[in-house]
Structures are given as structure tokens and as C-alpha cells.
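So this note's numbering is basically just the index in the sequence shown, starting at one, shifted up by 25.
Have a look at the structure below, then the notes.
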Amino acid sequence: MLAKSVLEIKETPIMEIANFGRAYSNRTGKKIFAAWFGEGNQPTKEIIYREAINSLKNGQTFYTYQNGLPKIREALSNYMNSVFGLNLTPENNSLVTGGMLGIKIICDMLIEKNDEVVIVGPVWPNIRSSVILKQAKIKEVNLKLKNKWQLDLTELFNSISNKTKMVFINSPSNPTGWMLNESEQEEITSFIRKRNCWLIADEVYHQIVFDRDVSPSFLQFAKPSDKLIVINSSSKSFNMTGWRVGWLSHPEFLGEHIAKLVQISTTGVPEFLQEGFFSALINYKSIVHGVKNDLKKSRDLVFERTKNWNKIHMPETNAAFYSFFKVKDMSNSVEYAKFLIEKTQVGLAPGVAFGKSGEGHLRLCFASDLNYLDNILNRLKKELS
Ligand SMILES: Cc1ncc(COP(=O)(O)O)c(C=O)c1O
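Following this line, the structure appears as C-alpha cells:
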């Protein structure tokens, strides 16, 4: 018999839609314009992958350091310090096999059965599943959509009890594009410090911000003794989703515990991938500049073209690469996403995948080239305007 916790995890409705779309395409021979996953259609830049190829040619194919090569941990602290004006040391950063494994390691390291975890939603489904796998109890505090998405800090603080082990906040957010500002981060940091629980900040979209340089980071308001872990990823800022490379910024004493959990999962990020990622880190300014420029054009196109569509309410956002919009009179986002595939051949993520509060919405990932996006918008217009 399988473990109860595994049986409790359901396949995400995003995969249900992707599988439906792929089967539809195989059956009918029609091309599907997919915008259901959180990634773009641009491959990794040569300045990154050529270092991975060189490393393979040089025979760097052996087991490696669990928390990352010393030079990678140093490059990570240089990157974080330069982007956010911090004073992190290499020992404050650990390389992991994608932000996803970072989340899993955090849950394994901190949560026990029946612990309480507060999550700000709607939120990327893997976060919720990782907590469920630990048989912990989730309390969800939901963003409210007014003109834009907002978090009620009083509601967040009231939901934190003395049983709360950790509070999970993803800003900039997938799926909503909502982002905390500095004063909110400062208030949350000092509140959580007093309550002595862990604050887990998922900041994987910190570079994907269009009206300022980067999003603020909780690390800017933390003291070295704070129970704060920040999750980051190469996926979104460097077009490296398939590489599975991410990192955690954490208090120094956690390094050895992270190393143990890396040891018994992946045993470390392959060295040749670290070499590629090293090049991404030291050349980050030019790479991110290009990625952001492209995304800004895509974002502007989506908001400009949909502004008068009367069947949707699409709040403009300045961060991450999603538009999470409400569809009037739509109560079943999975069925509606299937309908859109059959009618328009466009694949969107159903809002319910991000929690109950996401129902009634669809998520469009706009991280693709303008031609592809133009096609998507032309097709959707027939149903949504
Ligand atoms: C909010 C959020 N956190 C973490 C991740 C995981 O990123 P990675 O590709 O590094 O596993 C994603 C990926 O979609 C995400 O949207």
C-alpha cells in the first residue's frame, strides 16, 4: 500500500489541462498554443551553455560538493550582495537542484506531522503539495483582488498562532504577479521575529519586475539571527528551467543540514551544470537585461490587447510573467480551460490549480516571443472579448 500522504496529493489541474491539450492535438493533428506552464520558449543563452559543454569536455563528471562548488557559493553571495545590497557570505548560500528541491528540503528540514503552516494564496501548487506530503496543516490567507491584488497584513498576522511552524510567502507571485513592498516586508519580518516561527520567502521572480530594478527581498530587513530562508532559481531570470538549478539563502548554521538532505536526494547539482550557472551569475547583468526587455514587450502586448475585452477582468501587474485574470460567469476553470483548447487551440492554466481562491480565473504565461503571443491573443479574443 502507498503512503497516505502520497495518495492525498492530487495531480495538479495544470497537468490535467496539458495532458488534455496534448491528447487533443494528437487526435486532431491541430497545433496547440500552450501557455499553461511557467516558462518561456527561449532556450538558454550560449554564454551559459558553452561553459557546461566545456566542463563536460574537461571530464567534470564526478560527484561534487553537496551545497555547491566553493566558487559557486561565492558567486551566489556576490550576486545576492550586488543585487540587494546585502552582506551575505558563501556559507549563507546553498545550491540545490532547482527552487523546487529547495522547497522540498525546507519542508523536510522544518516541518513535522500536524505542524501548522501559513501560506499566502493563490499560490503555485507544488508548494501546497510539499507541505501536504509532510502531513502538516495548511492555513491559507488569500490575496484580495481590488484594482490590484492585495494582502491584508492584519489577516496574515491573525492567522499566525503559537502552533505555526512556518509562514510561506511567494513575492513576486505566481500566479498573480502581486508583489510586497519594502514597508510590508519590514512589518512582516519584525512580526515573525517576535513570534519565533520560520519565514520562508520564495523570491524566484525577483528579477522579473518591470517598474523597478528588482523586487525587494526579505533579506534586506533580516538580522543574521532571523529564522528566514529565501528560495531562488536560475529558471526564470536566465531561461534555465530545464537545468534544475536553484539556491537557498539561509542562516549559516543550516548549511550542514541542507547538505545532509542534498546528500540523500540528488547528492548535488552536477558539476558541468554548475559551470554553466557560474557563467550566468558572473554575466547576470547583460543576460537578465535581455530577458527582461523581451518580457516587458510581451507583458505590454498582453495588457494593451486585452484592455477592452469585456468577458474578463485582467488586473495590470508589474512583476512575474503571468496574467491571472477573472472570467465573467465562469465557475469551473478546468472545464473552461478544456473548452478553450477545443475552441481556440490555446492552452491556459486553470485558476483552481492555485487554490480555491483561484477558481474563476485563468493564468496565461506570457513569457514567449511576440509572434506566438500574437497568435494566442488573436485566438482568445474570439471567446473572451
Ligand atoms: C513560485 C515558484 N517557486 C518555485 C518555482 C520552482 O522553480 P525551479 O524551476 O527552480 O524549480 C517555481 C516554478 O514555476 C515557481 O513558480
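Don't be surprised by glycine CBs; every beta carbon is placed ideally from N, CA and C.
None of the values given here were measured: they were computed from a predicted structure.
| Asked | Found |
| --- | --- |
| Since F302 contacts S259 with CB under 8 Å, what's their CB separation in whole angstroms? | 6 Å |
| Since H386 contacts S358 with CB under 8 Å, what's their CB separation in whole angstroms? | 6 Å |
| Quick one: does K248 have its CB under 8 Å from some CB of chain E? | This model lacks chain E altogether, as it is built from one protein chain only. |
| Output the boundary residues of the beta strand (DSSP E) element that contains M191. | T189 to N195 |
| Residues in its own chain within less than 7 Å of L135 by CB, not counting five upstream and five downstream? | K190, M191 and W223 |
| Could you check what DSSP says for L205 in three-state terms: helix, strand or coil? | coil |
| Taking 8 Å as the cut-off, decide whether the C-beta atoms of N206 and P150 are in contact. | no |
| Closer than 5 Å is what we want: which residues have a beta carbon that near any heavy atom of ligand 1? List them in chain order. | G63, G123, G124, M125, W149, N195, N199, D227, V229, S258, S260 and G271 |
| From V377 to P38, what does the alpha carbon distance come to, in whole angstroms? | 7 Å |
| State the DSSP-derived secondary structure class of V239, mapped to helix, strand or coil. | coil |
| Between the alpha carbons of V108 and V239, how many angstroms are there, rounded? | 8 Å |
| Tell me whether W61 sits in a helix, a strand or coil according to DSSP, three-state version. | coil |
| Around the Cβ of F350, are there at least 16 other Cβ atoms within 10 angstroms (buried) or fewer (exposed)? | buried |
| Less than 8 Å between the C-beta atoms of S102 and T89, yes or no? | no |
| Would you mind giving the Cβ-Cβ distance between N257 and G124, rounded to the nearest angstrom? I have them listed as a contact below 8 Å. | 6 Å |
| Between which residues of its own chain and F235 is the CB-CB distance below 8 Å, once the five residues before and five after are set aside? | K317, L320, K321, R324, N343 and A344 |
| Give a yes or no on contact between the region 245 to 255 and the region 269 to 277, applying the rule of three or more CB pairs nearer than 8 Å. | yes |
| Cβ atoms of R404 and T369: under 8 Å apart, would you say? | yes |
| Could you tell me whether the Cβ atoms of F346 and T86 are closer together than 8 Å? | no |
| Answer with buried or exposed for L422, where buried requires no fewer than 16 other C-beta atoms within 10 angstroms of its C-beta. | No information on residue 422 is available, as it lies outside the stretch 26 to 410 that the chain covers here. |
| Using the three-state DSSP reduction, which class does W10 fall into: helix, strand or coil? | Shown here, the chain extends from 26 to 410; a query on residue 10 therefore has no answer. |
| For N92, which of I130, F58 and K55 has the nearest alpha-carbon? | I130 |
| In angstroms, rounded to a whole number, what distance separates the CA positions of L94 and A161? | 33 Å |
| I need the straight-line Cα distance from A48 to R75, nearest angstrom please. | 36 Å |
| When we look at the beta-carbon of K248 and count the other beta-carbons within 10 Å, is it buried (16 or more) or exposed? | exposed |
| Using the three-state DSSP reduction, which class does Y347 fall into: helix, strand or coil? | strand |
| Since F411 and E211 should fall inside the 8 Å C-beta cutoff, what is the C-beta to C-beta distance between them, to a whole number of angstroms? | In the structure displayed, the chain extends from 26 to 410; residue 411 sits before or after that span and is not available. |
| Could you tell me the boundaries of the alpha helix (DSSP H) in which I163 lies? | No alpha helix (DSSP H) holds I163; the beta strand (DSSP E) holding it covers K162 to N167. |
| Determine the burial state of L32: buried for a count of at least 16 other Cβ atoms within 10 Å of its Cβ, exposed for fewer. | exposed |
| Is the distance from the Cβ of P197 to the Cβ of Y230 below 8 Å? | yes |
| Excluding five sequence neighbours on each side, which residues of the same chain lie with their C-beta closer than 8 Å to the C-beta of T214? | L224, F243, F246, A247, D251 and L253 |
| Measure the C-alpha to C-alpha separation of I163 and S154 and round it to an integer number of angstroms. | 10 Å |
| Taking all protein chains shown into account, do 16 or more other C-beta atoms lie within 10 angstroms of the C-beta of E137, making it buried, or fewer, making it exposed? | exposed |
| State buried or exposed for D177, treating a residue as buried only when at least 16 other CB atoms are found within 10 Å of its CB. | exposed |
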